[in-house]
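In what follows, a single structure is set out as structure tokens and then discussed.
Number of protein chains: 2
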Amino acid sequence: MTEGGSHGRPMGHFGGESLLFLTDEQLRQGIEAMFFAYRGFTADPDRILALMSYGRAHHRAIHFINRAPGTTVNNMLTILGVTKQSLNRVLRTLISDGLVESRVGVTDKRERHLHLTEEGKKLEAQLSDAQRARMRAAYKDAGPEAVQGFKKVLEAMMDADMRRAYVNLRETGS
Amino acid sequence: MTEGGSHGRPMGHFGGESLLFLTDEQLRQGIEAMFFAYRGFTADPDRILALMSYGRAHHRAIHFINRAPGTTVNNMLTILGVTKQSLNRVLRTLISDGLVESRVGVTDKRERHLHLTEEGKKLEAQLSDAQRARMRAAYKDAGPEAVQGFKKVLEAMMDADMRRAYVNLRETGS
DNA sequence: CAGTTTATGTCAGCTATATTGACATTCCAA
DNA sequence: TTGGAATGTCAATATAGCTGACATAAACTG
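First to last, the protein sequences are chains A and B. Sequential numbering of the first sequence, starting at 1, is according to this note's numbering. Sequential numbering of the second sequence, starting at 1, is according to this note's numbering.
Here is the structure:
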């Protein structure tokens, strides 16, 4: 199977500090860790969303609208990496349910600027409280140094344009 | 919005070692990192799978059958967390495409033991090579200490039963 | 042996999320 | 002013999940 469980042999020293554990087995563990952890990561919001027959797509939209109020549909498409048709269906339900408000652009009337309504903010808080609680617990369990490593690896794992979006959000909130 | 970008205030000292960065802003960054990184994580296999009109469900099945050859359908259901109807649809196509073999159990004839065929192993290798390459690059970028932290946080983020499945796979390969 | 439980598979129907294609509106620049 | 680019919407379709109901066969239990 290309691997076989363990080549067994660490890939050598660099600097002096520590080994690089790059056996196929180590890498596979990382892959499985991502898989199982992502399930946990989405589990709590999923439960809340199911109650109101929304899905993850709604959560993602709500999250990023909250994160960057006034963002345009096009912006969202870049960040979420879906087609505008997909996003539109989600936005339509959120708007008609009164969670999101779409304002026609002032300088450019083609654009729609998205905002959460009060009710939308309420749901956002509920969802992100749940997700933050798990993240907080995991951070606490793992310890502060682990958190630095966690973010470092995740950031290195992103596609270049997603990393740009991520860093940009982190810095400017848009 | 419950948060607001930054409460600004770290949540205090514990022990003496280091601070716990548990502002809502720090937690939100972790959440977004998971989101963007997971996209990268699945991007390469997704491209390969699309060529043969398979999806992630097929990838997951192939991964875990390779990981634990001879596993039963029930085992897979537990690990993958889907319904048997969902899994069955995937297995049916993989079997009829000649990538997976289903053998009736010896001691318990109700069970079906799943194995990859040679062709199945070939696809598995192709998929996991792509995924491992990204993981390897991310590990190398982030450095060995970061990798430890990465795994630690991910493990802490899993649901208890998924953590059991993860550790079990790691130790026994079943 | 009879009845129950377990493991698996299948059919039907529903939902969420994604896709492509067609189209409408608005803006901007030649 | 006209044509192309940007933005957003609507329609139809596909995939992959889900629940529920049911069938089969084997294993277990009394």
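Positions of the beta carbon are idealized from the N, C-alpha and C atoms, including for glycine.
- Looking at the backbone, the Cα of B/G30 and that of A/L91 are separated by about 25 Å.
- Contact check for B/R39 against A/M162 passes: the beta carbons are separated by less than 8 Å.
- For B/D46, no chain A residue has a Cβ inside 7 Å of its Cβ, as the nearest lies near 11 Å away.
- Using beta-carbon distances, B/I31 counts as an interface residue toward chain A, with a partner under 8 Å.
- A residue is called buried when at least 16 other Cβ atoms come within 10 angstroms of its Cβ; A/E124 meets this threshold and is buried.
- Listed as beta-bridge partners of A/T71 by DSSP are A/L114.
- Contact note: A/Q85 does not reach chain B at a C-beta cutoff of 7 Å; the least C-beta distance is about 18 Å.
- Counting along the chain, the unbroken beta strand (DSSP E) around A/S102 starts and ends at 100–104.
- Comparing alpha-carbon positions, the option among A/V73, A/R67, A/Q126 lying closest to A/I95 turns out to be A/V73.
- Taking C-alpha positions only, B/V167 is separated from A/V167 by approximately 33 Å.
- Here A/D97 carries a coil assignment [DSSP, helix/strand/coil].
- Nearest CB-CB separation between A/M157 and chain B: below the 8 Å threshold.
- Using a CB distance cut-off of 8 Å, B/R103 does not count as an interface residue toward chain A.
- Below the 8 Å Cβ cutoff, chain A contributes no neighbours of B/R89, its closest Cβ being approximately 20 Å away.
- DSSP, reduced to helix, strand and coil, places B/K84 within a helical segment of the structure shown.
- Around the beta-carbon of B/D24, 16 or more other beta-carbon atoms lie within 10 Å, marking it buried.
- Proximity of the segment 97–105 of chain A to the segment 138–147 of chain A falls short of the contact definition, fewer than three beta-carbon pairs being nearer than 8 Å.
- Cα atoms of A/K109 and A/R56: separation of roughly 29 Å, rounded to the nearest angstrom.
- At a cut-off of 8 Å between C-beta atoms, B/E145 counts as an interface residue with respect to chain A.
- The alpha-carbon separation between A/L80 and A/A61 amounts to approximately 8 Å.
- Rounded to the nearest whole angstrom, the CA to CA distance from A/H59 to B/T78 is 26 Å.
- The C-alpha of B/V106 is placed about 44 Å away from the C-alpha of A/V153.
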